[in-house]
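Reading the sequence shown from the start, the letters are residues -21 to -1, 1 to 627 in mature numbering (1 follows the signal peptide of the UniProt record, and there is no 0). Just so it is clear, CB atoms sit at the ideal spot from N, CA and C, and this is done for glycine as well. Predicted model only: the values in this text are computed from it and were never measured. Below you'll find the structure, written out as structure tokens, and then a few comments.
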Amino acid sequence: MKYVVYLVFAAMILMNSDAISQNDYRTHVVQKNESIWKIAEQYGLTKADIVKLNPNVSDKPAENTVLVLPKSAKVLGISSDPIDFKKHKVRRKETLFGIAKKYEVSVEEIKRYNKELYARELKKGERIQIPVYAKPRVIQVVTSENDKPVIVPKIGPTPVTTDLGKLTSHTVQPKETRYGIARMYGITIADLEKINPQLGPGLTKGAIINVPAETVMETAVTEEGFMFYEVQPKEGFFRLKVKTGLTEEEIVALNPYASEGLKEGMILKIPKTATAVVADSTEVVNLENSIVNPSTKRVAVLLPFRLNKAVTDTSNTSSDVIKKDKLMALSLDFYSGVLMATEFAKDKGISIILDVHDTEYSSAKVEQILRQNDFENFDAVIGPLGQKQVEKAAGLLKGGSVPVFSPLSNKEVKISRNLFQTLPDDSMLEDAMIEYLKEQSTGKNIIVITDGNHAAQKAKLMAALPGAKMAKPRKEGFLYVQDILDQIVVNKENWVILESSDPILVSNVVGVLNGLPIEHKLRLFSLDKNEAYDYHDVSNMHLAKLNFTFPSVNKNYNYKDREPFLISYKNKYGVLPNKYAVRGFDITYDILLRLASSKDIYQASDSDFETEYIENKFRYSKKFMSGYVNNAFYIIKYKEDLQFEVIR
């Protein structure tokens, strides 16, 4: 990256007769969002000191600007995190720039701790948080492990009283880590950083830091064969057992202070044999075993049943109307799954009040429903279906933080903080599939085939798989056998990645690949199994023979399974459920179990765990300044017996 350098030495030599040698200066490369005030504080200088040597510098220099500083300036180890906050009441005509200048912080730092200011201007009379950073401290020089002098903050040995009790000093020993020191004194990493705001990313041997006056463990260095683990939010002994295989008694035996219970940030010593389990941060949880809040749940369902159309269409029977109206049929199927989920939840002791509304697939109708009914005390709203309608619902219910679940759309929406996107978007599936191909492609001959509408996917694939070959469709929009043969490598597995929504090209490629000898070891992949693969000329037998592999938001259940839901559904409705009925069940049952296992749906969706049901799984994460998205999906492979295999 190109650096911007302020060449001040020549000017200084011309202007100052007493100019001194360049050896009397040092440089500082400006980091992202650094202000002149912050840099001055970091080196124990004033703003005037920096401007004197860099006369053209602005209050907020561009990233990677190289500033000239006096050689005597020493890094004082200022924390990049605030140690406190001040409240500032905005006055008339005040600007962010003016407030930032007043408090010697950057505009970006104010926005970071007042996130609503990313989206709007200041309002007169509102109170905003201003971060307060650690002031420069006395420094001392110590020797690091490589015998080079290192400047560290010096903290006096006199105990100080804080909310952690009295503090004293601790001299960092070889091999000591933040985790070990925090565990030694029975505090969390956050506590350690709070009482040592000057701490950098690593610890230096000989550094003197603040710690509680009393220790709870003898040493901060873990023994051979063990590792440190930081307790995550809402993590209890049960979840730790799932992650590590250790019982509560075993954890307490290794960490006696855990006998009073676990708390977020607590540092535990665990055997390294548990590392592989802990490293897998996604835990599959059966929420049926975690019901702690079975109080009555009130849920609204907003679906386009379009009963107004059924009433006005007197020329057809109800069944005829349903057959003709696919959206009505889809809604009824989905709703049948919702009803089954409420019955299953009641069997688990969860009471439900279900309010059902017909949106008529109209944004105006959605608004009418929400304005004419009091949704303030609802635990969740499932629906509406359409993108614009679900945005409307989430926006109207945002003030009361009523969670709105978008059940069937994965299109990009304006996500409000109370909106749950239950389907992963296409880009998430694409990226996951590309990552899988990268991991598995060693020793494989990769052949990429794309049509003209998939240039973005082609670029992503070629960037991720630099050794891949291209088989380009001819002008007519298809390939000949020889076009494929020219790219095949004998005695290697040949993986073909097909990116197209053109049913003609898809059926052409699938047919050609199936006609080639089995010795070529062909396998077919796609980042998107779209409707082109359902074209009548695309044989499922051919796809199965090629072990066709693709990402999917759901898996297909096996109709031979003795799954209680499938049995109950068939007993009630006389048929097995289609994918919309299954999705209605999976989404609703997951919502009800989350509500019953936590205080509310937001608390139940904060932890990084995964739930799985008949065909769908859910792992929600919160987007920055926005709502929640489901990050759970499958990678599916066709088997030669026409069954599907989940390979990830």
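By the DSSP assignment, the beta strand (DSSP E) with residue i in it spans what residues?
{"i": "Thr44", "result": "44 to 49"}
{"i": "Asn550", "result": "Run containing Asn550: none in the beta strand (DSSP E); it sits in the alpha helix (DSSP H), 543 to 552."}
{"i": "Val86", "result": "That residue, Val86, is in no beta strand (DSSP E); its alpha helix (DSSP H) goes 86 to 91."}
{"i": "Gln108", "result": "106 to 111"}
{"i": "Ala359", "result": "359 to 361"}
{"i": "Met245", "result": "Neither: Met245 is in no beta strand (DSSP E) and is coded neither H nor E."}
{"i": "Val36", "result": "Note, Val36: premise wrong, no beta strand (DSSP E); not H, not E."}
{"i": "Glu624", "result": "623 to 625"}
{"i": "Glu589", "result": "588 to 591"}
{"i": "Ile426", "result": "424 to 429"}
{"i": "Ile615", "result": "613 to 617"}
Check each candidate in the options and name the one with the smallest Cα separation from residue i.
{"i": "Glu409", "options": "Leu522, Leu440, Pro212", "result": "Leu440"}
{"i": "Gly362", "options": "Ile329, Phe313, Asn352", "result": "Phe313"}
{"i": "Thr74", "options": "Val86, Lys66, Phe64, Ser505", "result": "Val86"}
{"i": "Gly104", "options": "Lys68, Lys81, Arg91, Tyr97", "result": "Lys68"}
{"i": "Asp462", "options": "Lys471, Asn487, Asp481, Ile483", "result": "Asn487"}
{"i": "Glu95", "options": "Asn473, Ile29, Glu229, Arg396", "result": "Arg396"}
{"i": "Gly215", "options": "Ala232, Glu239, Phe529", "result": "Glu239"}
{"i": "Glu355", "options": "His149, Lys344, Leu375, Gln368", "result": "Leu375"}
{"i": "Tyr92", "options": "Ala438, Val111, Gln466, Pro40", "result": "Val111"}
{"i": "residue 628", "options": "Asn473, Ile78, Val84", "result": "This structure gives no information on residue 628, because the portion of the chain shown stretches from -21 to 627."}
{"i": "Val36", "options": "Ile15, Lys11, Ala19", "result": "Ile15"}
{"i": "Pro483", "options": "Ala19, Ala511, Asn493", "result": "The residue asked about is misnamed: residue 483 is Ile in this sequence, not Pro. Taking only the C-alpha atoms, the option nearest Ile483 is Ala511."}
{"i": "residue 646", "options": "Ala98, Ile570, Lys173, Ala232", "result": "Because the chain here runs from -21 to 627, residue 646 falls outside it and cannot be looked at."}
{"i": "Tyr274", "options": "Tyr82, Phe207, Ile332, Gln622", "result": "Contrary to the premise, residue 274 reads as Ser rather than Tyr in this sequence. Nearest C-alpha to Ser274: Ile332."}
{"i": "Ile615", "options": "Leu48, Asp587, Asn533", "result": "Asn533"}
{"i": "Leu286", "options": "Lys276, Ile626, Val278, Ser310", "result": "Ser310"}
{"i": "Asp585", "options": "Ala19, Gln211, Ile160", "result": "Gln211"}
Using the rule of at least 16 other Cβ atoms within 10 Å of the residue's Cβ for burial, across every protein chain shown, is residue i buried or exposed?
{"i": "Thr25", "result": "exposed"}
{"i": "Thr321", "result": "buried"}
{"i": "Leu574", "result": "buried"}
{"i": "Thr421", "result": "exposed"}
{"i": "Glu193", "result": "exposed"}
{"i": "Lys17", "result": "buried"}
{"i": "Gly563", "result": "buried"}
{"i": "Val383", "result": "buried"}
{"i": "Tyr164", "result": "buried"}
{"i": "Thr434", "result": "The sequence given here places Ala at residue 434; Thr does not occur at that position. Label assigned to Ala434: exposed."}
{"i": "Met449", "result": "exposed"}
{"i": "Ile546", "result": "exposed"}
{"i": "Asp259", "result": "Bear in mind that the predicted position of Asp259 carries a pLDDT of just 43, short of 50, making it unreliable; the figure below should be weighed with that in mind. That one is exposed."}
{"i": "Ile368", "result": "Going by the sequence as given, residue 368 is Gln instead of Ile. With 16 or more Cβ atoms within 10 Å of its Cβ, Gln368 is classed as buried."}
{"i": "Pro530", "result": "buried"}
{"i": "Lys39", "result": "buried"}
{"i": "His515", "result": "exposed"}
{"i": "Ser576", "result": "buried"}
{"i": "Pro556", "result": "buried"}
{"i": "Pro283", "result": "buried"}
{"i": "Asn268", "result": "exposed"}
{"i": "residue 632", "result": "Nothing about residue 632 can be read from this structure; the chain reaches only from -21 to 627."}
{"i": "Val263", "result": "exposed"}
{"i": "Val271", "result": "exposed"}
Over what stretch of residues does the alpha helix (DSSP H) that includes residue i continue unbroken?
{"i": "Asp326", "result": "305 to 326"}
{"i": "Glu172", "result": "168 to 174"}
{"i": "Thr567", "result": "558 to 576"}
{"i": "Arg99", "result": "Note, Arg99: premise wrong, no alpha helix (DSSP H); not H, not E."}
{"i": "Arg277", "result": "Note, Arg277: premise wrong, no alpha helix (DSSP H); beta strand (DSSP E) at 276 to 282."}
{"i": "Phe76", "result": "75 to 82"}
{"i": "Asp63", "result": "Looking at the DSSP string, Asp63 is not in any alpha helix (DSSP H); the run it does join, the beta strand (DSSP E), is 63 to 68."}
{"i": "Val231", "result": "227 to 233"}
{"i": "Lys439", "result": "434 to 443"}
Assuming residue i and residue j make a contact with CB atoms under 8 Å, what is their CB distance in whole Å?
{"i": "Lys248", "j": "Asn265", "result": "With a Cβ gap of about 29 Å, Lys248 and Asn265 do not count as contacting."}
{"i": "Thr6", "j": "Leu46", "result": "7 Å"}
{"i": "Ile580", "j": "Asp404", "result": "Actually they do not touch by this definition, with Cβ atoms about 21 Å apart."}
{"i": "Lys601", "j": "Tyr592", "result": "Between Tyr592 and Lys601 the Cβ distance is about 22 Å, and since that is not below 8 Å, they are no contact."}
{"i": "residue 632", "j": "Leu402", "result": "A query on residue 632 cannot be resolved here, the shown segment of the chain reaching from -21 to 627 and no further."}
{"i": "Leu495", "j": "Leu525", "result": "Not a contact, Cβ separation roughly 10 Å."}
{"i": "Val491", "j": "Leu522", "result": "Wrong, their Cβ atoms sit about 13 Å apart, outside the cutoff."}
{"i": "Tyr599", "j": "Phe399", "result": "7 Å"}
{"i": "Ile467", "j": "Asn432", "result": "The Cβ separation is near 26 Å, so there is no contact."}
{"i": "Leu501", "j": "Asn473", "result": "5 Å"}
{"i": "Ala611", "j": "Glu589", "result": "5 Å"}
What I want to know is whether the C-beta of residue i ends up closer than 7 Å to one or more non-hydrogen atoms of the ligand PLP.
{"i": "Leu266", "result": "For the ligand PLP, the structure offers nothing, since it holds no ligand at all."}
Within the stretch 459 to 534, note down every full beta strand (DSSP E) run reaching 3 residues or more, in order along the chain. 473 to 478, 501 to 504, 528 to 531
Curious, which full-length alpha helix (DSSP H) runs of at least 4 residues does the stretch 323 to 404 contain? 342 to 351, 366 to 376
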